[in-house]
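**Q** Residue numbers (full-length UniProt numbering): 1 to 118.
The beta-carbon is built from N, C-alpha and C at its ideal position, and this holds for glycine as well.
Mind having a look at this structure? Questions to follow.
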Amino acid sequence: MSERNKEYILEHNSWLDHSKVEICPNSIEPLEFNEIPKDEKLSIRNKHNLPNDSTIIVYGGNLGKPQGIDFLMEVLESNKNNSDVFFLIVGGGTEYSKISNWIELNSPKNCLLYSMLP
């Protein structure tokens with residue numbers, strides 16, 4: 001939830017205790033990821049059919065109108081011949097079929113779409 005979402009919720013739900021509504025940002029600690037042994041990282045890439053020599057760009061979450069899926073498809077289009085990057089998109093939502101159809105039509109070699117990770 002963003003700061004604006006929090007403001008909206010509090011503005012439209014006056015009964016809520018403001019001190020109990022918090023923002024929990026999506027993030028990882030990069031240092032924790034760097035502590036994973038290289039062979040384990042390669043195993044994860046192989047398990048999910050991800051290339052070993054590309055930078056993996058992950059989108060994980062809701063694939064809905066507010067998430068700007070058209071922009072995501074523009075990024076995919078402008079990079080579809082770029083073997084230095086690989087896009088892993090994981091999620092579901094109202095725009096899932098839109099991005100799924102785009103991937104089926106354009107057949108980018110550097111993109112995978114999952115509704116969830118196996």
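What's the gap between the Cα of residue 97 and the Cα of residue 78?
**A** Their backbone Cα atoms lie some 20 Å apart in a straight line.
**Q** What's the C-alpha gap between residue 50 and residue 117?
**A** Taking the straight line joining both Cα atoms gives about 13 Å.
**Q** Assuming residue 75 is part of the alpha helix (DSSP H), what are its boundary residues?
**A** Unbroken alpha helix (DSSP H) run through residue 75: 69-79.
**Q** Suppose the cutoff is 6 Å on Cβ atoms and the five residues either side in sequence are ignored; what does the same chain contact list for residue 89 look like?
**A** Within the same chain, residue 89 has close Cβ partners 59, 113.
**Q** Tell me the DSSP bridge mates of residue 99?
**A** DSSP, once it has assigned bridges, lists no residue as partnering residue 99.
**Q** Out of curiosity, what's the CA-to-CA distance linking residue 2 and residue 40?
**A** Looking at the two C-alpha atoms, the distance is approximately 33 Å.
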